[in-house]
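Only one structure is covered here, and it is reproduced in the block below.
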Amino acid sequence: MKRSQLLVLACFSLIALPAIAQTNDVEIDFYGRIQMSAAYLHDGDDGGLNVASNSSRLGLNMSYQLDENLTVLGKLEKQVDFAEGSGSFGSRDAFIGLSGNFGTVRMGYFVSPSMAHLSSVEEFRDRIGDGRNMLRRGAMNLDRRYKSSLGYQTPNMNGFVWAIHYGTEEQDGVTVTNDNDMLSTSLQYKTGGWTITGSFQQDNRTDTTIDGTRFSVMKSGDDWRFAVLAQQVSGLEEGDMKGWLLNGRYRLTEQVWFKAQVGARSYDQQDNESTLATIGFDRIISPRLTVYTVATMTNNDSAGVASVTEGGFGKSLPVIAGNDPFAISAGVSFRF
0 MKRSQLLVLA CFSLIALPAI AQTNDVEIDF YGRIQMSAAY LHDGDDGGLN
50 VASNSSRLGL NMSYQLDENL TVLGKLEKQV DFAEGSGSFG SRDAFIGLSG
100 NFGTVRMGYF VSPSMAHLSS VEEFRDRIGD GRNMLRRGAM NLDRRYKSSL
150 GYQTPNMNGF VWAIHYGTEE QDGVTVTNDN DMLSTSLQYK TGGWTITGSF
200 QQDNRTDTTI DGTRFSVMKS GDDWRFAVLA QQVSGLEEGD MKGWLLNGRY
250 RLTEQVWFKA QVGARSYDQQ DNESTLATIG FDRIISPRLT VYTVATMTNN
300 DSAGVASVTE GGFGKSLPVI AGNDPFAISA GVSFRF
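Below, the structure is given as structure tokens:
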């Protein structure tokens, strides 16, 4: 079915919604996260002490219940750099949607299914040693919020949840071709502590098409979690890329968790392989306050340029090909 036909069907579906007289108030929840860390970063030649804001954010969640089965949703989130005082609205999720027995439909700028997939598995999200050091670089980017996009997610159906997300255009301005569109989809199944997820992204460009797939298995218990994720991306200048993550966490005491993660990536290009190893401790002071320490290192082949600060750490450590960067950090995360 053509995209234009899908759009027509979506419009008729919205028009067909019944008129509902409601006097319910709009619920608005203000929230945020301040996450800061001090880190010693070494690029393989030299090192220094840095203070970084690790994907700190402020946001608003909005909801308006039309009836018991239909709710209007809205979200506006801003990333704020508490280390350097920068940030702008729209840099994170910004959308409007409808949620009901049919599932959830959203329109705007928000996380793709393939990005949500990795986030659900990652142990060091927005810290040094983030798995995106292995699984994201340049055009190899399955962790995006799509511009000018439409998304749908089913309700939970006996443990299965399916999501699809279409970005109409990655370039700014009006499009009459959709030549630079993107599509992402995922299917997840949960049962008895097991979570099995597969996701796919197609990134269309005028000169190439980049396809990426991810598959993960995760098992969770009361005091532990273990996960493995595999990724493959084709259509890159360096040739096809293969990567993986293996991680886990274990509760040492009521308040302290030990975390560990290893990962690797390789390209068809000769001598372009990298590996990553990360360990850390989280101390949960309260449900809103966590302090943590992390140590990580990357090993690169002669053509490898993987870093230790990719993702949401807040500062980027450039790496010369063949160098082996490492870092240690201590940080705090405050949610409100």
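Numbering (numbering that gives the first Met the number 0), first residue to last: 0 to 335. Here a beta-carbon is modelled for each residue, glycine too, at the ideal position from N, C-alpha and C. The structure presented is a predicted model; accordingly, all values stated were derived computationally and were not measured.
Test item: CB-CB of residue i and residue j under 9 angstroms
{"i": "THR167", "j": "LEU149", "result": "yes"}
{"i": "LEU97", "j": "GLY242", "result": "no"}
{"i": "THR184", "j": "GLY102", "result": "no"}
{"i": "GLU236", "j": "ASN271", "result": "no"}
{"i": "LEU182", "j": "GLN200", "result": "yes"}
{"i": "MET296", "j": "LEU316", "result": "no"}
{"i": "THR277", "j": "ILE127", "result": "yes"}
{"i": "VAL120", "j": "LEU244", "result": "yes"}
{"i": "VAL307", "j": "ALA320", "result": "no"}
{"i": "ALA329", "j": "THR289", "result": "no"}
{"i": "TRP193", "j": "MET217", "result": "yes"}
{"i": "SER215", "j": "GLY197", "result": "yes"}
{"i": "ARG213", "j": "LEU228", "result": "yes"}
{"i": "GLY310", "j": "ASN132", "result": "yes"}
{"i": "GLN64", "j": "ASN23", "result": "yes"}
{"i": "TYR188", "j": "GLU169", "result": "no"}
{"i": "SER298", "j": "VAL318", "result": "For clarity, residue 298 is Asn in the given sequence; the question names Ser instead. Taking 9 angstroms as the Cβ cut-off, ASN298 and VAL318 do not qualify as a contacting pair."}
{"i": "GLU122", "j": "ALA226", "result": "yes"}
{"i": "GLY43", "j": "ASN246", "result": "no"}
Residue nearest to residue i in terms of C-alpha spacing, selected from the options
{"i": "ASP45", "options": "PHE333, PHE94, PRO324, ALA329", "result": "PRO324"}
{"i": "GLN231", "options": "ASN49, PHE333, SER113", "result": "SER113"}
{"i": "ARG136", "options": "SER147, VAL104, SER273", "result": "SER273"}
{"i": "HIS164", "options": "ARG334, PHE225, MET106, VAL261", "result": "MET106"}
{"i": "ALA82", "options": "ASN299, VAL261, ASN53", "result": "ASN53"}
{"i": "PHE312", "options": "ALA51, GLU26, GLU67, GLY43", "result": "ALA51"}
{"i": "GLY234", "options": "ARG143, ASP66, VAL331, GLN268", "result": "GLN268"}
{"i": "MET139", "options": "SER90, ARG287, ARG264, GLY220", "result": "ARG264"}
{"i": "GLY332", "options": "VAL318, ASN322, SER285", "result": "Position check: residue 332 holds Ser in this sequence, whereas Gly was assumed. Per the Cα distances, SER285."}
{"i": "ARG224", "options": "ARG250, ASN299, GLY130", "result": "ARG250"}
{"i": "GLY158", "options": "ILE327, SER219, GLY84, ILE195", "result": "ILE195"}
{"i": "ASP210", "options": "ASP180, SER219, ILE95", "result": "ASP180"}
{"i": "ASP202", "options": "SER111, ALA115, GLY130", "result": "SER111"}
Local conformation of residue i per DSSP, three classes
{"i": "THR250", "result": "Reading off the sequence, residue 250 comes out as Arg, not Thr. Residue state, collapsed to three classes: strand."}
{"i": "LYS1", "result": "With a pLDDT of 46 at LYS1, under the threshold of 50, the modelled position of this residue cannot be trusted, and the question is left open."}
{"i": "ALA329", "result": "strand"}
{"i": "SER111", "result": "coil"}
{"i": "LEU69", "result": "strand"}
{"i": "TYR151", "result": "strand"}
{"i": "ASN23", "result": "coil"}
{"i": "SER36", "result": "strand"}
{"i": "SER315", "result": "coil"}
{"i": "SER306", "result": "coil"}
{"i": "SER301", "result": "coil"}
{"i": "LEU8", "result": "Annotation note: pLDDT 46 at LEU8 (below 50); position unreliable, coordinate value reported separately. Here LEU8 sits in helix by DSSP."}
{"i": "VAL175", "result": "coil"}
Residues that DSSP places opposite residue i in a beta bridge
{"i": "GLY58", "result": "TYR30, GLU76"}
{"i": "LEU182", "result": "TYR165, GLN201"}
{"i": "PHE280", "result": "PHE257, THR292"}
{"i": "PHE214", "result": "GLY197, ALA229"}
{"i": "PHE94", "result": "LYS74, GLY107"}
{"i": "PHE159", "result": "MET156, TYR188"}
{"i": "GLN268", "result": "DSSP output for GLN268 lists no bridge partner at all."}
{"i": "ARG136", "result": "MET139"}
{"i": "ILE127", "result": "For ILE127, which the question treats as bridged, DSSP gives no partner whatsoever."}
Check: residue i C-beta below 8 angstroms from any heavy atom of the ligand SAM
{"i": "GLY137", "result": "The ligand SAM is absent from the structure shown, which contains no ligand whatsoever."}
Three Cβ pairs or more, each shorter than 8 angstroms: is that satisfied between the segment 278-294 and the segment 255-266? yes
Are at least three pairs of beta-carbons, each pair with one atom in the segment 60-77 and one in the segment 173-193, less than 8 angstroms apart? no
Three or more C-beta pairs below 8 angstroms linking the segment 25-36 and the segment 53-64: yes
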